[in-house]
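Peer 1:
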Amino acid sequence: MPSPPAVQVTDVRKRFGDTDALAGVRLEVAEGEVVGLLGPNGAGKTTLVRVLATLLPPDGGTARIFGLDVARQAPEVRRTIGLTGQYAAVDELLTGRENLRMFGELFHLSGRQARRRADELLERFDLGHAADRAARTYSGGMRRRLDLASSLLVRPRLLFLDEPTTGLDPRSRNAIWDVTRELVAEGTTLLLTTQYLEEADQLADRIAVIDHGTIIAEGTGDDLKDRVGGQVVDIALAVAEDAITACELVAHAEPTDDPRRIRVPVDADDALGALSRVSGALSAAGIPVRDVGLRRPTLDEVFLELTGAAGGAGGAADIPPHDSDDGATVEVERPPHGTDEDHRRQEVA
Amino acid sequence: MSTLMTDPTAGDAAPAHTLAPPPPGGRLSTLYWGTRDTWTVTKRNLRHYVRQPRLLVFSTIQPVMFVVLFSFVFGGIAGDALPEGMTYIAFLLPGLFIHSAAFRSVQTAVGLAEDLERGVVDRFRSLPMSRSAVLAGRTLADLVRSLSVLLLMIVVGYAIGFRFTEGLLSALGAVAIVGLFGYLMSWLFTYLALLVPGAEAAQTAGFVLIFPLVFASSVFVPPETMPAWMAAFASASPLTHAADAARALSIGGEVAGPVLRTLAWSTGLLAVVIPLSVRRYRRIT
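Respectively, the protein sequence lines represent chains L and S.
Residue 1 is where the first sequence starts when you use my numbering, and the numbers rise one by one after that.
Residue 350 is where the second sequence starts when you use my numbering, and the numbers rise one by one after that.
#1: With burial defined as no fewer than 16 other Cβ atoms inside 10 Å of the residue's Cβ, what is the status of S/Gly-434: buried or exposed?
#2: Which parts of the region 120-154 of chain L are runs of the alpha helix (DSSP H), unbroken and 4 residues or longer, counting only runs that do not cross its ends?
#3: Could you check which residue in L/Pro-164, L/Glu-248, L/Thr-214 and L/Asp-269 has the C-alpha nearest to that of L/Lys-14?
#4: Enumerate in chain order the residues of its own chain whose CB-to-CB distance from S/Thr-589 is below 7 Å, with the five nearest sequence positions on each side excluded.
#5: Since L/Gln-8 is in the beta strand (DSSP E), which residue starts that stretch and which ends it?
#6: Got a sec: is the Cβ-Cβ distance from S/Thr-314 to anything in chain L below 7 Å?
#7: Between S/Thr-457 and chain L, is any beta-carbon pair separated by less than 7 Å?
#8: Label S/Phe-556 either buried or exposed according to how many other C-beta atoms from any shown protein chain fall within 10 Å of its C-beta, with 16 as the threshold for buried.
#9: Do L/Ala-114 and L/Gly-128 have their CB atoms nearer than 7 Å?
#10: Could you please give the first and the last residue of the uninterrupted alpha helix (DSSP H) stretch that includes S/Arg-467?
#11: Using a Cβ-Cβ cut-off of 7 Å, state whether S/Thr-389 counts as contacting chain L.
#12: For L/Met-351, decide whether its Cβ has a neighbour in chain S, counting only Cβ atoms nearer than 7 Å.
#13: Taking the straight line between their C-alpha atoms, what separation do you get for S/Glu-463 and S/Ala-548?
#14: Using 10 angstroms around the beta-carbon of S/Tyr-507, count the other beta-carbons present and answer buried if the total reaches 16, otherwise exposed.
#15: Can you tell me which of the three DSSP states L/Glu-218 falls into?
#16: If you count every other CB in all the chains shown that lies within 10 Å of the CB of S/Phe-569, and 16 or more means buried, which is it?
#17: Find the residues of chain L that neighbour S/Arg-494, judging by a C-beta separation of less than 7 Å, and give them in chain order.
#18: Which residues of the region 140-156 of chain L have a Cβ closer than 9 Å to any Cβ of chain S? Give them in chain order.
#19: Taking beta-carbon pairs under 7 Å, can you tell me which members of the region 157-176 of chain L lie near chain S?
#20: I'd like to confirm the pairing. Which residues does DSSP put opposite L/Gly-39 in its beta bridges?
#21: Mind checking S/Met-502: buried by the 16 CB within 10 Å criterion, or exposed?
#22: With three or more C-beta pairs closer than 8 Å as the rule, is the region 263-271 of chain L touching the region 181-188 of chain L?
#23: Report, in whole angstroms, the separation of the C-beta atoms of S/Thr-539 and S/Thr-574, which I expect to be a contact under 8 Å.
#24: In the structure shown, what three-state DSSP assignment does L/Ile-244 receive?
#25: Flag this pair as touching only if the region 389-401 of chain S and the region 90-109 of chain L have three or more C-beta atom pairs under 8 Å; answer yes or no.
#26: Whole angstroms is fine: what's the gap from S/Val-608's alpha carbon to S/Ser-615's?
#27: So, is the C-beta of L/Glu-218 closer than 7 Å to a C-beta in chain S?
#28: What residues in its chain sit with their C-beta under 8 Å from that of L/Ile-210, if we drop five residues either side in the sequence?
#29: Can you grab the Cα-Cα spacing for the pair S/Ala-636 / L/Val-154, in whole Å?
#30: Check L/Asp-267 in the structure and name its three-state DSSP category.
#31: To which residues of the same chain is L/Pro-259 closer than 7 Å at the C-beta, ignoring the five residues directly before and after it?
#32: Using 8 Å as the Cβ pair cut-off and three pairs as the minimum, do the region 133-144 of chain L and the region 163-173 of chain L touch?
#33: Is there a Cβ from chain L that is less than 7 Å from the Cβ of S/Met-478?
#34: Any contact between the region 489-499 of chain S and the region 530-537 of chain S? By contact I mean 3 or more CB pairs, one from each, below 8 Å.
#35: Could you list which residues in chain L have their beta carbon closer than 7 Å to that of S/Val-469, in chain order?
#36: Quick one: is S/Pro-587 buried, meaning 16 or more other Cβ sit within 10 Å of its Cβ, or exposed?
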């Protein structure tokens, strides 16, 4: 008998007042897989995780964890899962060590096992020096590490990470990523929600894009990029002052956060042709170029296109910036297929 | 890596996810884990008390202040309403036990409401622990606190002239009755905290309910001195029964009636409010 999938979500619905937080979600995660659930704030990510972690009963549809129904077999489900939430769910008044011992006991480890396990995890998560300080004195990164450690007292078969690095500095974020990768390498199934495309791209085998309570696209990062199609010509100018001229010269060229860099979305079928036309135009105009390259769109660009947020200030505002060059994601308005080539011919020629 | 996932319960060869405890096997196992989880949560809550100066002040200084202030301020005028030869502190202190137990139960509601607002209850709820342990651990910790404050009040009472006159067993009986009454109040306020969301709402609702109940009872003065309608209410109040029971066991008087009525009220209400609270806790998210 084949073992049931780690997560099997069929038409799950959840309403809050007038809002459909989940409007018929379908999702399957195989055991050992790492799936990134990607979506803007309010898309339904956290609601879905809360349903799967038995914290919230679904209004309709079924959700199963390793074949166990989350609504009817919640106690059994809880023995297989670990949950690390968006807000560190640790006891602020207890020390790090006391927190881990308490959660260990509540996972029904013996007192000795709980103490030993707490000490191991404090070491592993680099919290040894702060083990006997109240968690309320911890920094955001330390708190999140303690929270993650709290889900690992007993190794979960399936771990939910709900926006594990939101609000963390890059160093703390990398620490969380490292631990996550180790867990995955050991075979833990992981469902990760994030609004950071980089995070999904870095950690997940497969990405499910969720928006307005439904999964609107699913696949590997490459699949999603293919789905949207297109390529981008990246140009690094020798002098930043040329950027405006270059953007005027080349159709659909866009500035980026880097004043010396511009980029041009082009049709994938004619990417090489477009590259040579763009290079030719710049060379003919005597604009010195340091580097020209062809690349696939980033996942940010794909995401904005899928969720329809591209170009609209309102849509873009739903997605908080995640790093310094995020401002660039607003500008991915790709020309519609077919017409862009005509435009380019006119202007480049 | 091996330190990250060292298997705490089994040999290295066992798949790590089998560490999760076995499914509960029958009532005995459920009872065992329920008791252990309750004790774990109780320890946590007791640690909270000693680490929150605000709570410590509320639990210790305030009752002591009440003992001293009430006995000195009202002692002069209250004497006339009391039976011949009885000092006000003798009458007052057993009443203050009940007063203090009633007001502390508001803290049960506030503590639980604060927990519910924090993420930590989400984690509790995602764990394979007993669902009722969060509530049972909260009320048990409050009982421990209640009894320690009671002890403190007795010490202060002794310093200003109070004496147990009915022997050690009766004195222990008084402590037990106050503990039981306080435990009942804690569960009532647990249920209240589950009904009204938010710590401030719990606090407000608590005080609005507790004030009239405590004052319209035999806690501070004999009900006979009140207007007829209030005396009627006070004589029927479970707080009066509890105060009378504690008083009779402390300084003499009719024991059986008030004690039996307090036992009946407390066990009867506990039998209703505990299942109601546990059900409510399971349902709220």
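No residue lacks a Cβ here, since even glycine has one placed at the ideal position from N, Cα and C.
Keep in mind the model is a prediction, meaning the values are calculated, not measured.
Peer 2: Result, derived from the coordinates:
#1: exposed
#2: Taking only runs of at least 4 residues, the alpha helix (DSSP H) segments lying wholly in the region 120-154 of chain L are 140-150.
#3: With respect to the C-alpha of L/Lys-14, the residue from L/Pro-164, L/Glu-248, L/Thr-214 and L/Asp-269 having the closest C-alpha is L/Thr-214.
#4: Ser-566, Ser-567, Pro-572 and Ala-583
#5: 7-16
#6: Since the first residue shown for chain S is 350 and the last is 634, residue 314 of chain S is missing from the structure and cannot be characterised.
#7: no
#8: exposed
#9: no
#10: Segment: none, S/Arg-467 is in no alpha helix (DSSP H) and carries neither H nor E.
#11: yes
#12: Within the shown structure, residues of chain L are numbered from 1 to 349, placing residue 351 of chain L beyond reach of any answer.
#13: 6 Å
#14: Exposed, by the Cβ-count rule.
#15: strand
#16: buried
#17: By Cβ distance, chain L contributes nothing, its closest Cβ being about 15 Å from S/Arg-494, past 7 Å.
#18: Asp-147, Ser-150, Ser-151, Leu-152, Leu-153, Val-154, Arg-155 and Pro-156
#19: Arg-157
#20: DSSP, once it has assigned bridges, lists no residue as partnering L/Gly-39.
#21: Counting Cβ neighbours within 10 Å, S/Met-502 comes out buried, since at least 16 surround it.
#22: no
#23: Not confirmed; about 34 Å, so no contact.
#24: helix
#25: These segments touch.
#26: 10 Å
#27: no
#28: Val-25, Leu-37, Leu-38, Gly-39, Ala-43, Gly-44, Lys-45, Leu-48 and Ile-216
#29: There is simply no residue 636 of chain S to check, as chain S begins at 350 and stops at 634 in what is shown.
#30: It is coil, neither helix nor strand.
#31: Hits under 7 Å: Ala-240 and Ala-243.
#32: yes
#33: yes
#34: yes
#35: Ala-89, Val-90 and Asp-91
#36: S/Pro-587 is classed as buried because its beta carbon has at least 16 other beta carbons within 10 Å across all chains shown.
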